[in-house]
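In my numbering, the protein residues as written are 2 to 1177. Think of the CB as a built atom: it goes at the ideal place given N, C-alpha and C, for glycine as much as any other residue. In what follows, a structure is listed as structure tokens, so that the remarks can point back to it.
Shown next as structure tokens:
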């Protein structure tokens, strides 16, 4: 049995200096806000204008130790005694002080100011977080009162800021014990002695929904041990005691490393925050933080579900307050900045890490006075001439315009005389509104756009452009808005002030008649006054707003209302001192100093039929309360991006799965929508299948069908509700989508291992039973890069593209002449990919170099389109594929510890940290209805990464490094794809949804497997080479050995499969370190071997080079040459076949002639036999 963790009694908390920390007493301060910004900081990446220019304040280049932090805090207090004071938060398990510093003007006084609490290092190994906390301390104290730092001075004067650089003191000291220049022990927990292990994960030890979900352990040994009960770690108990002692807290930031994320609640559930206004504040501030740092914003559970975390606790226990604790977890740095190597980045990168997070932290502190104010945020810019246009050519009033660099403001906004300014505002319509009104004033000349359209008014629909609209009446813009996010863009000329309001009017319950308790100051209704059984017939009947409040000092109100069908229900109310809301006998909310920022969603508490709502309020001002039931229609959507294929490059007669995701943007369910799948084109298409699908409110449903691919090019169309049976607000041509399934050009070999699945298989046939050298091309260095073959300049001829250790990429014609070449700064061992990446009709070449660049060249002339630098050798071969179904390709490759995905224009889409070097080349598979990038890494993990977001899906651990590249196919013919990869641990692994196997062989596996039916028995085999010089063929279903063939050298080359001799059975072509290229039959016999002048590490390509309808073989050698192998004239097979046919024909003639002679003899001797023969 488990025993309790040993727990010390916490030391009484106070101040380290002579003045004790004041305790908050008395009544609530008027509109007072306290911010707790809990920065459990990690690592940052991007530069930020305005901060990058400042010095790093002389912080040590190596990481701070605990003793250095303590010494430095007291030095700062001494240097800035009027604004800085050290205090004690609590004690660690091992009796060490958890110190912090308070920064504020009048630092010894507890003023009625918003407060911020910043702390770092919940997890011991997140070393860089301490540096961020110390940086913020120095930035605030060193710049206070200095010209040019008015923001710092304002915040110190108007906030109380508490910063804790090290929460996990014991864990920090233990982790530092073996660290030099950032190489720690990767310790995560504190150092608390528990039964069966040491330490508690502090960020799984908070009480809100503790131990309910995954990502925590009940066992003491794992690094995510949650403790035996909430707050049994003294470090979290210290934070709990501080936060609960400050009831006005409004903001809580909890920083970790090193994923580059901004996260908000919830973590314990996939459901979003139910309070609409609170959810928006979390998202807006979180996204602004992400914009400053370059991180990715999301809800915690979008990453993974976990309970007992700090931000669920801080927001969860205060969510019914007037101003709750808005809470975020910040995962610092992120993998988009290559020098950030995990938990211990290079010390030289610490300045860049700190600067962007400091600016973001100042933004959060600035929001402290009223986080709700961000709901009315606008962005503004000024240009002297013309109108703003972003880098992508979007006009300033268009939805796609990038306004990141525009200044954020809140209205009303003062303007300079005779100025011309541009404003943009994002707002959300969460339910269908009867009317959306735009109210503005004080514009002498104004231009207004709504969702890219100039608004229009009146019967003549005259555009409201350059009209003098001063104190104009509200303008109805309902026709220009839609459910979801909308954009208002405004140009104002020659005005002193700009102000504008957006008002949404919805269906409301009629009469607003309520029952009000008629008692005196000394009487109250019975205990069950809020229940459905309570008799309120003696209560007064009133119509809100109630001007007579208070009736008893407090006010008690009831009413019933009916919900006829499924819909969302909101309530909207006016200010009051405090309020408790009951819906159907459940407390749906409690507010103090109630200030209604936005309608409150009470859908979870209502049901179809009659409902009871009851309200208890305090305060003497008039009270108003509205129940809103919006008119909602279904809003179905399906676009091209929602259609996926389980196998994007199938062979004819392969069974594939077609996935389609149907979205419902409205908060009303669609019980049945007919979805049809077609093949063809809009004018002539064939119905494949149709399904009826239920789509829940405000969610999506994915459906799938099975289809046997007949071969050739097909356009797949998916249409929802083709007969318009479902009423929708408007059908904007988004109820159907289509996706092309192109006919593969099997005469080419356009990338490493032939296709995005790395099968290494070509359906081409050849006549090469005795190869001859068609031609060779010499370079200035070994050719380890594998060739790609395709028409790269649209001339109708085939070209061959490959790299060499002489730093050059070559494009060679089908006759062996140079078309063009491109020189890089280092060896090229990455294999090129050939594709039209930007869908402009021209072909590009994508490849990596040891000089740290990925290059994209134009196929027609070899000129550079763009290049992307990662500062590490790139030997992974790029994969080019349309991951997001937008018609343009993404480029995926590995380098050092990262997987990179770039857009077609060379900008970064995402990165993923593998933890170890990733020279493996990525492949793409399907998991459910999403694409996954699959890649191996040096730590033995086979990673599955979400292709759209770059988030980790899962991984398979293997024995040894994974330098082999994965191959993907439907091995067991069940409609799902399986993945095969080789390991340096002498093993081959297969991973599928229904099976897993690994087979141990002789020698490390660096060769990438091929997958094909090589013996024609209808099952799939796996073929791979090993360092011991063997080629292995394994049963794809169970991994059993079918045969092996041993060469005289190590095999780094990856096998290619095709029927190269035209006998109707697949053959295997592979290079060896013994300088030969081998061809083996499907049953493991030697067909032939071709000698070169060096080791053959390049993987062969099989393609129709000369367009004669037959396959040729292209392979590189370390002798610096690329060889093209073909047959000499007609192959022996075809000669033998023709001779056999000729002999058979002559034999048939001989037999027929003999039969004719026999018949003649019979007729002559016995003529009557003919008649008898007929009668029979």
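Bridge partner(s) assigned by DSSP for residue i
i            : result
residue 989  : 983, 1000
residue 516  : 542, 559
residue 133  : DSSP, once it has assigned bridges, lists no residue as partnering residue 133.
residue 1079 : 1071, 1090
residue 764  : DSSP, once it has assigned bridges, lists no residue as partnering residue 764.
residue 580  : 592, 618
residue 665  : 637, 700
residue 298  : 263
residue 978  : Beta-bridge pairing links residue 978 to no other residue.
residue 1    : Nothing about residue 1 can be read from this structure; the chain reaches only from 2 to 1177.
residue 450  : 455, 490
Within 8 Å, strictly: CB atoms of residue i and residue j
i           : j           : result
residue 254 : residue 329 : yes
residue 580 : residue 613 : no
residue 807 : residue 782 : yes
residue 900 : residue 946 : yes
residue 562 : residue 657 : no
residue 992 : residue 952 : no
residue 324 : residue 251 : yes
residue 264 : residue 129 : no
residue 119 : residue 105 : no
residue 201 : residue 238 : no
residue 423 : residue 381 : yes
residue 294 : residue 357 : yes
residue 572 : residue 603 : yes
When the options are compared against residue i, the one with the closest alpha-carbon
i            : options             : result
residue 827  : 821, 865, 872       : 872
residue 101  : 108, 110, 92, 88    : 88
residue 870  : 785, 858, 864, 850  : 850
residue 691  : 406, 420, 659, 1080 : 659
residue 121  : 136, 229, 108       : 136
residue 331  : 767, 362, 306       : 362
residue 393  : 687, 906, 481, 538  : 906
residue 698  : 672, 709, 719       : 672
residue 1084 : 380, 694, 1046      : 1046
Range covered by the beta strand (DSSP E) that runs through residue i
i           : result
residue 727 : Looking at the DSSP string, residue 727 is not in any beta strand (DSSP E), and its letter there is neither H nor E.
residue 303 : No beta strand (DSSP E) holds residue 303; the alpha helix (DSSP H) holding it covers 301 to 304.
residue 117 : 116 to 120
residue 355 : Note, residue 355: premise wrong, no beta strand (DSSP E); alpha helix (DSSP H) at 351 to 367.
residue 917 : Per DSSP, residue 917 belongs to no beta strand (DSSP E) and is neither H nor E.
residue 936 : 931 to 937
Continuous alpha helix (DSSP H) stretch holding residue i: start and end
i           : result
residue 154 : 151 to 159
residue 69  : 67 to 80
residue 316 : 311 to 317
residue 236 : 235 to 245
Collapsed DSSP secondary structure at residue i in the structure displayed
i            : result
residue 901  : strand
residue 336  : Below a pLDDT of 50, predicted positions are generally treated as unreliable, and residue 336, at 40, falls in that range; no measurement from the model is reported.
residue 1087 : strand
residue 1146 : helix
residue 27   : Note that residue 27 has pLDDT 32, beneath the 50 cutoff, so the model's placement of it is unreliable and the number below is only indicative. Residue 27: coil per DSSP, three-state reduction.
residue 173  : helix
residue 820  : strand
residue 204  : helix
residue 95   : coil
residue 380  : strand
residue 856  : strand
residue 849  : strand
residue 268  : coil
Residue i at chain C interface by Cβ criterion, 8 Å
i           : result
residue 886 : This model lacks chain C altogether, as it is built from one protein chain only.
Contact test: residue i Cβ vs the ligand ADP heavy atom, cutoff 7 Å
i           : result
residue 674 : The ligand ADP is not part of the structure shown, which contains no ligands of any sort.
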